[in-house]
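*Asks:*
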Amino acid sequence: MEHLIKSKIIENAQTLFNAPINEQLVQLQKTRKEVEGDLTLVIFPFVKMMRCSPQEAGQIIGDFLVKEIPAISKYEVVNGYLNLVISTDFWVNELKNIHADDNFGLQTPNSKPTIMVEYSSPNTNKPLHLGHLRNIFLGFSVAEILKANGHKVVKTQIINDRGIHICKSMLAWQKFSPINAQGERETPQNTGIKGDKLVGKYYVEFDKHFNAEAKAIIALWEQGNFENYSTAIKDEFIRLTEAKNGKDEKAIKAIDDKIKDLAKNQTSILKEAKEMLVKWEAKDAEVYDLWSTMNQWVYDGFEKTYTTMNVDFDELYYESNTYLLGKDIVEEGLKKGVFFKKDDGSVWIDLTADGLDEKLVLRSDSTAVYMTQDMGTAVERYNSHPDLSGIVYTVGNEQDYHFKVLFLILDKLGYSWAKNCFHLSYGMVDLPEGKMKSREGTVVDADDLMNEVVESATEMTKERGHIEGLSENDLSNLCQMIGLGGLKYFLLKVDPKKRMKFNPAESVELNGNTAPFIQYAHARIQSLLAKSTGELNTINPSEVNDVEKEIIKQLTLFPSIIEEAGRDYAPSVVANYTYELVKLYNQFYQSVTILNESDEQLKQFRLILSKNVAKTIKTAMKLMGIDVPNRM
RNA sequence: GGCUCCGUAGCUCAACUGUAUAGAGCACUGGAUUUCGGCUCCAGCGGUUGGGGGUUAGAAUCCCUCCGGGGUCACCA
Numbered sequence: 000m001e002h003l004i005k006s007k008i009i010e011n012a013q014t015l016f017n018a019p020i021n022e023q024l025v026q027l028q029k030t031r032k033e034v035e036g037d038l039t040l041v042i043f044p045f046v047k048m049m050r051c052s053p054q055e056a057g058q059i060i061g062d063f064l065v066k067e068i069p070a071i072s073k074y075e076v077v078n079g080y081l082n083l084v085i086s087t088d089f090w091v092n093e094l095k096n097i098h099a100d101d102n103f104g105l106q107t108p109n110s111k112p113t114i115m116v117e118y119s120s121p122n123t124n125k126p127l128h129l130g131h132l133r134n135i136f137l138g139f140s141v142a143e144i145l146k147a148n149g150h151k152v153v154k155t156q157i158i159n160d161r162g163i164h165i166c167k168s169m170l171a172w173q174k175f176s177p178i179n180a181q182g183e184r185e186t187p188q189n190t191g192i193k194g195d196k197l198v199g200k201y202y203v204e205f206d207k208h209f210n211a212e213a214k215a216i217i218a219l220w221e222q223g224n225f226e227n228y229s230t231a232i233k234d235e236f237i238r239l240t241e242a243k244n245g246k247d248e249k250a251i252k253a254i255d256d257k258i259k260d261l262a263k264n265q266t267s268i269l270k271e272a273k274e275m276l277v278k279w280e281a282k283d284a285e286v287y288d289l290w291s292t293m294n295q296w297v298y299d300g301f302e303k304t305y306t307t308m309n310v311d312f313d314e315l316y317y318e319s320n321t322y323l324l325g326k327d328i329v330e331e332g333l334k335k336g337v338f339f340k341k342d343d344g345s346v347w348i349d350l351t352a353d354g355l356d357e358k359l360v361l362r363s364d365s366t367a368v369y370m371t372q373d374m375g376t377a378v379e380r381y382n383s384h385p386d387l388s389g390i391v392y393t394v395g396n397e398q399d400y401h402f403k404v405l406f407l408i409l410d411k412l413g414y415s416w417a418k419n420c421f422h423l424s425y426g427m428v429d430l431p432e433g434k435m436k437s438r439e440g441t442v443v444d445a446d447d448l449m450n451e452v453v454e455s456a457t458e459m460t461k462e463r464g465h466i467e468g469l470s471e472n473d474l475s476n477l478c479q480m481i482g483l484g485g486l487k488y489f490l491l492k493v494d495p496k497k498r499m500k501f502n503p504a505e506s507v508e509l510n511g512n513t514a515p516f517i518q519y520a521h522a523r524i525q526s527l528l529a530k531s532t533g534e535l536n537t538i539n540p541s542e543v544n545d546v547e548k549e550i551i552k553q554l555t556l557f558p559s560i561i562e563e564a565g566r567d568y569a570p571s572v573v574a575n576y577t578y579e580l581v582k583l584y585n586q587f588y589q590s591v592t593i594l595n596e597s598d599e600q601l602k603q604f605r606l607i608l609s610k611n612v613a614k615t616i617k618t619a620m621k622l623m624g625i626d627v628p629n630r631m
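Read in numbering that gives the first Met the number 0, the first sequence has 227 at position 228, and its numbers run on one by one without any break.
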């Protein structure tokens with residue numbers, strides 16, 4: 000309808016305004032609730048051209064539209080706004096179309112270019128936490144939304160399975176894991192501990208010893224004992240210590256941290272870890288075996304977590320396979336003059352002209368850095384997917400700068416697809432108690448959190464009753480849907496780029512902007528439909544009340560909501576839409592009787608309206624990876 | 001310090017590419033219904049959109065500046 004009105008006005012601009020106009024001048028918006036009408040045209044932009052008052056201008060355009068478009072039944076001009084009323088017939092007809100369309104809102108699958116969505120990207124040295132949950136739900140949901148928009152989507156994750164941090168947990172396990180009666184060290188099998196948790200435990204263990212050793216070294220230095228250390232270190236320590244004089248508390252803390260770093264670099268345990276990494280890179284059999292074994296523990300653990308989350312991936316990339324990629328691209332870039340080499344052999348790109356700085360792309364020992372890898376991986380992905388049109392990287396906003404540089408480099412190297420790469424950047428998740436800090440042990444584990452929300456959902460469901468006839472298994476599935484749905488919805492309803500505060504208790508509330516509230520409305524409609532008898536096919540009520548009309552209006556918006564969510568990579572758009580729809584439906588539900596309605600046509604209309612609301616809710620929730628139960 | 005993102009009701013969040021009186025929920029107060037499904041509905045309370053300036057017929061939205069907060073500025077990933 001909006002398109003129709005716009006094009007009518009533009010086509011007839013010459014007669015209406017004595018001048019052609021561009022599309023931007025025609026601004027249509029939803030009419031405010033207090034005023035009669037469905038669509039509103041802003042007429043200020045035309046007033047000058049028409050040389051008359053806003054009132055007169057509105058009437059001229061209004062008369063024109065009523066004459067040209069049959070569905071517009073009347074209009075009213077208020078304060079420079081032209082409010083157009085669209086006929087009831089039009090809305091009833093819209094509902095008929097929606098009712099007839101089983102895939103309402105969804106575009107033909109695979110009709111649009113392929114997009115790769117990368118999300119999760121965990122390290123294999125510790126379990127997933129709350130931050131990963133936002134990442135994974137976001138990425139998964141964006142993938143679903145893009146599919147709904149007709150794109151072919153490849154869901155992927157890159158697993159950071161190598162590097163010094165992995166060696167740390169390996170080393171700690173080797174050094175500190177107790178040996179049982181059978182002569183074995185701790186494994187997931189003999190302890191029953193989930194693999195990722197067990198490996199994470201040893202990563203923490205490493206850190207403990209690491210810190211203790213550093214502390215001991217500092218104590219030696221403070222006594223003036225530098226026996227085992229070079230004069231450079233001695234000088235640096237003395238310089239830092241003297242720098243503390245007369246500084247405030249904050250500055251002293253910063254210097255202490257530097258001293259700690261200095262000491263950490265001297266620890267034997269870190270040296271061992273570094274040696275282990277060198278061995279790994281040389282594919283030393285023993286180290287490589289240990290690495291494979293422990294990583295497998297972690298994968299098994301992650302697998303369980305992903306299953307609970309109900310997310311999946313189409314393709315996996317392992318950093319151990321990709322970390323050497325990109326070097327040939329550096330060569331290519333050098334030839335093209337995009338990169339330059341410094342005297343020590345390191346390779347850089349100068350981005351100062353773009354308002355950024357110089358960025359390293361290859362170390363002086365000619366090993367790759369993070370940026371090199373990412374360049375290589377991107378090119379690799381395009382090579383192995385000739386139909387790939389874009390990549391969406393779901394990564395926290397602390398890496399905004401990295402991706403800005405990455406895309407810029409790819410663009411400078413001449414890859415035309417670089418402009419289709421998008422960093423889906425999201426803000427940190429805070430807890431009611433404040434920021435998560437791994438050092439202070441305030442990190443919320445993903446498995447624990449999911450258990451917690453399911454447990455609260457179980458409690459609330461049992462309290463509410465109405466679960467008779469449900470088997471133990473059904474009840475458990477139901478609570479899983481409610482708890483996890485609440486969690487997902489809570490994390491997705493907020494604009495991705497904003498930092499947010501997560502409150503577990505609030506996420507499973509049956510009131511307010513929550514998944515359970517929406518799920519409940521859906522369940523109620525299902526029960527209503529189950530109680531009705533006969534075929535639902537009559538959609539011709541003699542009259543349609545305001546709330547009903549409002550609901551249809553909201554339903555017709557659904558396809559454009561999906562488009563908008565896809566364009567902005569924002570599941571929050573879908574979430575907030577769904578909530579609005581449910582609130583409207585509740586209003587309707589409160590104000591009319593449905594099953595006891597004596598007018599058979601009206602009863603059918605209301606049932607069909609309800610059915611299509613439920614259908615839309617279900618589709619919308621599916622785009623966020625949330626299941627809706629038929630009863631709860 | 002440079003760059004960057006953010007600042008909206010007591011709290012958690014909305015507001016499409018600028019547009020009418022900035023909206024929901026939670027909490028609080030009052031009322032309706034207790035009947036298809038029980039936490040449903042209506043009303044009230046609550047705001048100088050961090051401060052100031054500018055552009056515009058019109059600014060939470062765009063520009064400048066200041067204040068406050070986050071992130072980032074490694075031959076880490």
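Where a beta carbon is used, it is the ideal one built from N, C-alpha and C, also for glycine.
Please list the terminal residues of the continuous alpha helix (DSSP H) segment that includes ASN539.
*Replies:* In the first sequence, counting from the first residue as 1, residue 539 sits at position 540. Per DSSP, ASN539 belongs to no alpha helix (DSSP H) and is neither H nor E.
*Asks:* At the level of alpha carbons, what is the spacing between ASP494 and SER110?
*Replies:* As a working note, residue 494 is residue 495 in the first sequence. As a working note, residue 110 is residue 111 in the first sequence. Using only the alpha carbons, I get a separation of about 28 Å.
*Asks:* Taking Cβ positions, are SER388 and MET293 nearer each other than 8 Å?
*Replies:* Here residue 388 is taken as the residue at index 389 of the first sequence, counted from 1. Here residue 293 is taken as the residue at index 294 of the first sequence, counted from 1. No, Cβ-Cβ distance for SER388 and MET293 is not below 8 Å.
*Asks:* To which residues of the same chain is GLU93 closer than 7 Å at the C-beta, ignoring the five residues directly before and after it?
*Replies:* Taking the first residue of the first sequence as position 1, residue 93 is located at position 94. For GLU93, where only same-chain residues beyond five positions count, the Cβ hits under 7 Å are ILE551, THR555.
*Asks:* Using the three-state DSSP reduction, which class does GLU508 fall into: helix, strand or coil?
*Replies:* Taking the first sequence and counting its residues from 1, one reaches residue 508 at position 509. Of the three classes helix, strand and coil, the one that applies to GLU508 here is coil, per DSSP.
*Asks:* Determine the extent of the beta strand (DSSP E) in which ASN82 is found, giving its start and end residues.
*Replies:* Counting from one through the first sequence, the residue named residue 82 turns up at place 83. Note, ASN82: beta strand (DSSP E), 80-85.
*Asks:* VAL368: which of PHE16, LYS326, PHE402 sits nearest, CA to CA?
*Replies:* For the purposes of this step, residue 368 is identified with residue 369 of the first sequence, where counting begins at 1. VAL368 has its Cα closest to that of LYS326, out of PHE16, LYS326, PHE402.
*Asks:* Expressed to the nearest angstrom, what Euclidean distance is found between the alpha-carbon atoms of ASN78 and LEU64?
*Replies:* What you label residue 78 is simply residue 79 of the first sequence in a count that begins at 1. What you label residue 64 is simply residue 65 of the first sequence in a count that begins at 1. Rounded to whole angstroms, ASN78 to LEU64 spans 19 Å at the Cα level.
*Asks:* Contact defined as beta carbons within less than 8 Å: I believe THR155 pairs with GLU318. What is the distance between those atoms, to the nearest angstrom?
*Replies:* Here residue 155 corresponds to residue number 156 of the first sequence, with the count starting at 1. Here residue 318 corresponds to residue number 319 of the first sequence, with the count starting at 1. For THR155 against GLU318, the beta-carbon gap comes to about 13 Å, at or over 8 Å, which does not count as contact.
*Asks:* If distances are taken between C-alpha atoms only, which option among LYS193, LYS614, LYS233 comes closest to ALA99?
*Replies:* Sequence index remark: in the first sequence, residue 99 carries index 100 (1-based). If we check each option's Cα against that of ALA99, LYS614 comes out closest.
*Asks:* Between ALA171 and the rest of its own chain, which residues show a CB-CB distance below 8 Å, the 5 nearest in sequence each way excluded?
*Replies:* For this step, residue 171 is matched to residue 172 along the first sequence. Excluding residues within five positions, the ones whose Cβ falls inside 8 Å are TYR201, TYR202, GLU204, PHE205, HIS208.
*Asks:* Buried or exposed for GLY413, going by 16 or more other Cβ atoms inside 10 Å?
*Replies:* Counting from one through the first sequence, the residue named residue 413 turns up at place 414. The residue in question, GLY413, is exposed, as its Cβ has fewer than 16 Cβ neighbours within 10 Å.
*Asks:* So for CYS420, helix, strand or coil by DSSP?
*Replies:* The residue given as residue 420 occupies position 421 in the first sequence. Strand at CYS420.
*Asks:* Is it buried or exposed for PHE339, if we count other Cβ within 10 angstroms and need 16 for buried?
*Replies:* The residue labelled residue 339 in the question sits at position 340 within the first sequence. With fewer than 16 Cβ atoms within 10 Å of its Cβ, PHE339 is classed as exposed.
*Asks:* List, from N- to C-terminal side, the alpha helix (DSSP H) runs of 4 residues or more that fit wholly inside the segment 577-623.
*Replies:* 599-622
*Asks:* At 4 residues or longer, what runs of the alpha helix (DSSP H) sit wholly inside the segment 242-308?
*Replies:* 248-263, 267-280, 284-308
*Asks:* What residue does the alpha helix (DSSP H) around LYS530 start on, and which one ends it?
*Replies:* Sequence index remark: in the first sequence, residue 530 carries index 531 (1-based). Counting along the chain, the alpha helix (DSSP H) containing LYS530 begins and ends at 514-530.
*Asks:* Ends of the alpha helix (DSSP H) at GLN372?
*Replies:* Translated into positions along the first sequence, residue 372 becomes position 373. GLN372 -> alpha helix (DSSP H) spans 369-383.
*Asks:* Look up VAL41 in the DSSP assignment and say whether it is helix, strand or coil.
*Replies:* Taking the first sequence and counting its residues from 1, one reaches residue 41 at position 42. In the three-state reduction of the DSSP assignment, VAL41 falls in the strand class, which pools E and B.
*Asks:* For CYS166, I'd like the list of residues in its chain whose CB is within less than 6 Å of its CB, leaving aside the five on either flank, ordered along the chain.
*Replies:* As a position in the first sequence, residue 166 is number 167, starting the count at 1. For CYS166, where only same-chain residues beyond five positions count, the Cβ hits under 6 Å are ALA272, MET275, LEU276.
*Asks:* For LYS111, which of helix, strand or coil comes out of DSSP?
*Replies:* Mapped onto the first sequence, residue 111 falls at position 112. LYS111: strand per DSSP, three-state reduction.
*Asks:* Is DSSP giving TYR322 helix, strand or coil here?
*Replies:* For the purposes of this step, residue 322 is taken as the residue at position 323 of the first sequence. Coil at TYR322, not helix or strand.
*Asks:* Residues in the same chain with beta-carbon distance under 7 Å from GLU248, minus the five sequence neighbours each way, listed in chain order, please.
*Replies:* Against the first sequence, residue 248 aligns to sequence position 249. Result list for GLU248: empty, nothing under 7 Å.
*Asks:* Going by beta carbon distance, what residues of the same chain come within less than 7 Å of LEU474, once the five residues before and after it are set aside?
*Replies:* Numbered from its first residue, the first sequence carries residue 474 at position 475. Answer for LEU474: ILE466, listed in chain order.
*Asks:* Does the segment 16-36 touch the segment 67-82, meaning 3 or more C-beta pairs lie closer than 8 Å?
*Replies:* In the pairwise beta carbon analysis, the segment 67-82 is classified as touching the segment 16-36: at least three pairs are separated by under 8 Å.
*Asks:* Assign ILE158 to one of three DSSP states: helix, strand, or coil.
*Replies:* Residue 158 sits at position 159 when you count from the first residue of the first sequence. It is a strand residue.
*Asks:* Roughly how many whole angstroms lie between the Cα atoms of ASP195 and ASP446?
*Replies:* Taking the first sequence and counting its residues from 1, one reaches residue 195 at position 196. Taking the first sequence and counting its residues from 1, one reaches residue 446 at position 447. Their backbone Cα atoms lie some 11 Å apart in a straight line.
*Asks:* Give a yes or no on whether the C-beta atoms belonging to GLY57 and VAL76 are separated by under 8 Å.
*Replies:* For this step, residue 57 is matched to residue 58 along the first sequence. For this step, residue 76 is matched to residue 77 along the first sequence. In this structure, GLY57 places its C-beta atom within 8 Å of the C-beta atom of VAL76.
*Asks:* Express the C-alpha separation of ILE258 and ASN244 in angstroms, rounding to a whole number.
*Replies:* The residue labelled residue 244 in the question sits at position 245 within the first sequence. The residue labelled residue 258 in the question sits at position 259 within the first sequence. Approximately 15 Å, taken between the alpha carbons.
*Asks:* Would you mind sorting LEU483 into buried or exposed? The rule is 16 or more other CB atoms within 10 Å of its CB.
*Replies:* Mapped onto the first sequence, residue 483 falls at position 484. Its Cβ being crowded by 16 or more others within 10 Å, LEU483 is buried.
*Asks:* Determine which residues share a DSSP beta bridge with ASP545 and list them.
*Replies:* As a working note, residue 545 is residue 546 in the first sequence. ASP545 pairs with nothing; no bridge assigned.
*Asks:* To which residues does DSSP link GLY389 through a beta bridge?
*Replies:* The count along the first sequence starts at 1 and reaches residue 389 at position 390. DSSP output for GLY389 lists ILE114 as bridge partner(s).
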